[in-house]
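Scroll down for the structure; my scribbles are underneath it.
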Amino acid sequence: MFTDTHAHLSHKDFDADRGEVLARASSQGVFKIIEIACAPSEWAPGEALCLQAAGRLRCAFGIHPEYVKDIQPGAAEELENYLQKPCAVAVGEIGLDYWWEPGRRAEQLALLEAQLPLCAKYSKPAVFHARSGREPGLDAYAELLSLLKQKWTYSPGKRFRGVLHCFSGRWEDAKAGMDLGLALGVNGTFTYKKNGDLRDIIMRAGADNIVLETDCPYLPPQSARGKRNDPSFIPEIAAMTASHLGLGTNHLADKTTANAFALFGAF
Ligand SMILES: [Zn+2]
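Using my numbering, the letters of the sequence shown correspond one by one to residues 6 to 272.
Now the structure itself:
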């Protein structure tokens, strides 16, 4: 059984065929999905989606750094309400994005620091987003990891405390993340021709430290570039990852689902 640990199925790109997308995912063996509701406008739709497909979906609630400029008064309190819903399994995605919002560094750091204590308060792991800037000196991974090392107190006594979703850093970032109890999220970017370095890092990290994700509707695998991504692409991502790790695809499916359950809890 496959698990997609990072999907944005509430996105408008799925409005016309959300039910078919979920059915196709099942037909490909992708039975478990973590929906990421990372803007205040996504929280209610995220919960609604989980209620419709209760056996298959759980939700992360948080505020993504790209939305730092749109936060309204009361959002923090509302977020805490959603983190107490039965479908809530993580705080996220939260983090630093210096690609799209390089000018709002201080605001992003403040937003991240405000959300980190929610992990301990509600006993939830975190889904982290880090994207470095186009120019050197805007190193989102180094800043995120050093902040977590200093200020993130959440200690669940479990194998994982969170995940570096869509991992795109260097080996030292992967190592620092694993030392902090973070899994590495592997998605369609693993299959892109130019990403040899990423494949080397994931091979070095090994199957014990990864979870699979799509980040749909974004980042489809190589075979579908330019098209909409959806959870049914997980087996394709898994097959290429498994072949690099020297494992069978079914073995990697079970392994990464076990990792996902160790991270978010079984469901
Ligand atoms: Zn995402």
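Glycine included, each C-beta is placed from N, C-alpha and C at the ideal position. Note that the structure is predicted; figures quoted are calculated from it, not measured.
- Residue 8 has 37 as its beta-bridge partners, per DSSP.
- Relative to the non-hydrogen atoms of ligand 1, the Cβ of residue 249 never comes closer than 7 Å to any of them.
- Straight across, the Cα-Cα distance linking residue 64 with residue 38 is about 8 Å.
- In the structure shown, residue 22 adopts coil according to DSSP, grouped into three states.
- Between residue 59 and residue 15, the C-beta spacing is not below 8 Å.
- Spanning the alpha carbons of residue 13 and residue 172 requires a straight line of approximately 17 Å.
- When distances are taken from the beta-carbon of residue 220 to the heavy atoms of ligand 1, the shortest one is below 7 Å.
- No residue range can be given for residue 71, since it is assigned to no alpha helix (DSSP H) and is classified by DSSP as neither H nor E.
- Residue state for residue 124 is assigned as helix, using DSSP reduced to three classes.
- Closest in C-alpha terms to residue 158, from the list 177, 124, 174, 132, comes 124.
- If only uninterrupted beta strand (DSSP E) runs of at least 3 residues are considered, those enclosed by the stretch 100-164 are 131-136.
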